[in-house]
Amino acid sequence: MTTTTPAGLEIRGLTHSFGSTTALDDVTVAVRPGTVTGLVGRNGAGKTTLAALVAALRPVQAGAILLDGAPPWEDPEVTSRICLVRDKGGVVEDERIRVTFEFAAMLRPGWDADYAHALLDRFEVPFRKKPQQLSTGKRSALSAILGLASRSDLTIFDEVYLGMDAVARRMFYDELIADWIAHPRTIILSSHLLDEVEDLMEDVVILDRGRVVAAGETDAVRARHSRDGAVASLTDVLVSLSTPSTDRSTP
Amino acid sequence: MTTVTQARVLFRWLARGGLRVLAITLLIATVVAAALAAVALWQDWPEVAHAPTDADGTVVIGFTTTIFGIPLAAVAIAAFVVSIATVGSFTRPLLATGATRSALALAHLAHVLLLALAASALAAAVLALEAAFAGGWIGSTFGLAPGDTFADGVPALVQGFLGALAGLVAGSLVAALFLRWPWWVGVGALAVTLWVLPVVVASVPPLEAAASAVAAWPWSPGAGAVLLAAAHWLVMRRMPVP
């Protein structure tokens, strides 16, 4: 069985623009190896762009991304250690799931086919179907399965479980923690469902309009924003740190 | 895993799928061509079985271009479609699964080279058959005359291989253009290459003369394939995955 090596991620001065829109602005942050780190922010905060750059899905425009000291761009040794799963993309939509699994088996050293098939059974995803034929919930489950069974040293789940129902999400969280304990690796969870996932997050990075507005151990971040003896939730922290909607139209 | 190792792994996977498609196409096209030839014989269609007799008085069949030409054309078309579909369907999922652009570009180019070689191997087999029966058969996909040998068809075979290779690389390049940039970039590139440029070249006599000289050069399809491969590499180099 392939063993995982939790990867440390370091991001320095990362700036990324789409035309005149700055998606990320001088982001500097580190993710400790072996942790479950939350990537939190409102819509348009830059979470997905950051995840895509870390996974080398786009070239870096300015700044640096280092996985255990090495940049992932065009380095197969590094890209094979990173798995980014999203609710869309990353699979061959018009071919049977088998083809997507073959890709993972070819390119992901930690891929566990038996575990993947066990998860397909558990989430009741039909193996013989094409991803485009699956319902939204099953399609999300398939992405989650790819992320879990890849057992990559750095695995990023970007809103992958939004399409799942409450029961499937609970199964996913349970599976994630159980497998993370059995095969320690670095996990980044990006989610809007903060109430459900904040207890899973040891560390948290909060983005607002492309900038890091808070980062560190989740309990410490929450404690800093707690008032009058009541411990703040991550949602409370996000509300207090995010730019109000009325101010979001101007960069 | 190095880039070359990864490219080899990707190539093996692409090659398996590509050759499977060509084999199935060949099988179906051969059955269709054989059925067509049988009907042509039975009905004595003049376009296909137009030669009256050979020395023995038996019907000499002029359907070599049918029975060999149809499978050859079908395999060439299938190879072209595979070269486009491979890049169009699998590039983004493979990049998202950890493949690098360099490895994938290498695998694409090796894959189309294999497809061109496979189609050319089929063409060589046809040439060998036609050469073996040269003089007894009427019509030849390679234009063999009675008494010609295999060697007489080799220049056409080589030209066909280089032309097929250039066409397949062009197919991969066009698919990569549409993946990397918005659709109008690909459409614009095709319009300029297939429409504007020929009109401009035809309108300027020195350019037309130069183009004719290039076209007459026997290695121009090969040189074109190399240039197209370089362009494919450049387009793939910074391919984003949205």
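Line by line, the protein sequences are chains A and B.
For what it's worth, the working numbering labels the leading residue of the first sequence as 1, then goes sequentially.
For what it's worth, the working numbering labels the leading residue of the second sequence as 1001, then goes sequentially.
Note that the Cβ used here is the ideal one computed from N, Cα and C, for glycine as well.
Secondary structure of residue i, DSSP reduced to three states
i	result
residue 1100 (chain B)	coil
residue 29 (chain A)	strand
residue 172 (chain A)	helix
residue 1015 (chain B)	helix
residue 157 (chain A)	strand
residue 98 (chain A)	helix
residue 211 (chain A)	strand
residue 1158 (chain B)	helix
residue 1147 (chain B)	coil
residue 124 (chain A)	coil
residue 1009 (chain B)	helix
residue 84 (chain A)	strand
residue 23 (chain A)	strand
residue 217 (chain A)	strand
residue 1191 (chain B)	helix
residue 1176 (chain B)	helix
residue 70 (chain A)	strand
Option nearest residue i by Cα separation, candidates the options
i	options	result
residue 86 (chain A)	A:203, A:102, A:141, A:60	A:141
residue 1022 (chain B)	B:1117, B:1141, B:1037, B:1095	B:1117
residue 38 (chain A)	A:240, A:214, A:105	A:214
residue 178 (chain A)	A:164, A:132, A:115, A:234	A:115
residue 1161 (chain B)	B:1224, B:1018, B:1233	B:1224
residue 234 (chain A)	A:72, A:228, A:199, A:171	A:199
residue 1108 (chain B)	B:1039, B:1153, B:1090, B:1182	B:1090
residue 241 (chain A)	A:205, A:228, A:144	A:205
residue 101 (chain A)	B:1038, B:1192, B:1004, B:1093	B:1093
residue 71 (chain A)	A:7, A:48, A:238	A:7
residue 1239 (chain B)	A:19, A:78, A:58, A:105	A:58
residue 167 (chain A)	A:73, A:122, A:112	A:122
Per-residue contacts from residue i into chain A (C-beta, under 7 Å)
i	result
residue 1003 (chain B)	76
residue 1103 (chain B)	76
residue 1068 (chain B)	Ordered by position in chain A, no residue passes the 7 Å Cβ test against residue 1068 (chain B), which lies about 33 Å from the chain.
residue 1090 (chain B)	92
residue 1006 (chain B)	76
Sequence-distant residues of the same chain with beta carbon closer than 7 Å to residue i, five excluded per side
i	result
residue 1132 (chain B)	none
residue 1025 (chain B)	1074, 1075, 1078
residue 1186 (chain B)	1174, 1177, 1178
residue 180 (chain A)	36, 187
residue 1123 (chain B)	1072, 1157, 1160
residue 76 (chain A)	none
Contact list for residue i against chain B, beta-carbon separation under 9 Å
i	result
residue 108 (chain A)	1097, 1098
residue 60 (chain A)	Near residue 60 (chain A) there are no residues of chain B at all, since even the closest Cβ is about 11 Å away, more than 9 Å.
residue 50 (chain A)	In chain order: nothing, as chain B lies at least about 14 Å away.
Interface partners of residue i on chain B, CB under 7 Å
i	result
residue 80 (chain A)	1001, 1098
residue 125 (chain A)	Simply none; closest approach about 17 Å.
residue 91 (chain A)	1093
Partner residues on chain A for residue i, Cβ-Cβ distance less than 9 Å
i	result
residue 1013 (chain B)	102, 103, 106
residue 1009 (chain B)	106, 107
residue 1240 (chain B)	52, 57, 58, 59
First and last residue of the uninterrupted beta strand (DSSP E) at residue i
i	result
residue 18 (chain A)	9 to 18
residue 80 (chain A)	Residue 80 (chain A) -> no beta strand (DSSP E), and no H or E assigned at all.
residue 40 (chain A)	36 to 41
residue 63 (chain A)	62 to 67
residue 189 (chain A)	186 to 190
For residue i, the first and last residue of its enclosing alpha helix (DSSP H)
i	result
residue 202 (chain A)	Segment: none, residue 202 (chain A) is in no alpha helix (DSSP H) and carries neither H nor E.
residue 1200 (chain B)	1197 to 1203
residue 141 (chain A)	136 to 150
residue 1220 (chain B)	1220 to 1237
residue 227 (chain A)	Careful: residue 227 (chain A) lies outside any alpha helix (DSSP H) and carries neither H nor E.
residue 112 (chain A)	Here residue 112 (chain A) belongs to no alpha helix (DSSP H), and DSSP marks it neither H nor E.
residue 54 (chain A)	47 to 54
residue 239 (chain A)	234 to 241
Cutoff 8 Å; reference residue i; Cβ partners in own chain excluding five residues on either side
i	result
residue 1165 (chain B)	1112, 1113, 1116, 1221, 1222, 1225
residue 53 (chain A)	14, 16, 24, 60, 65
residue 218 (chain A)	38, 198, 201, 202, 203, 204, 234
residue 1004 (chain B)	1103, 1106
residue 27 (chain A)	11, 13, 14, 15, 46, 50, 63, 207, 210, 211, 212
Beta-carbon contacts of residue i that lie in its chain and below 6 Å, excluding the five residues immediately before and after
i	result
residue 1029 (chain B)	1070, 1071, 1074
residue 1201 (chain B)	1207, 1208, 1211
residue 189 (chain A)	38, 157, 197
residue 1039 (chain B)	none
residue 1231 (chain B)	1173
CB contact check: residue i to chain D, cutoff 7 Å
i	result
residue 1159 (chain B)	Judged by its chain identifiers, the structure shown contains no chain D, and its protein chains are A and B.
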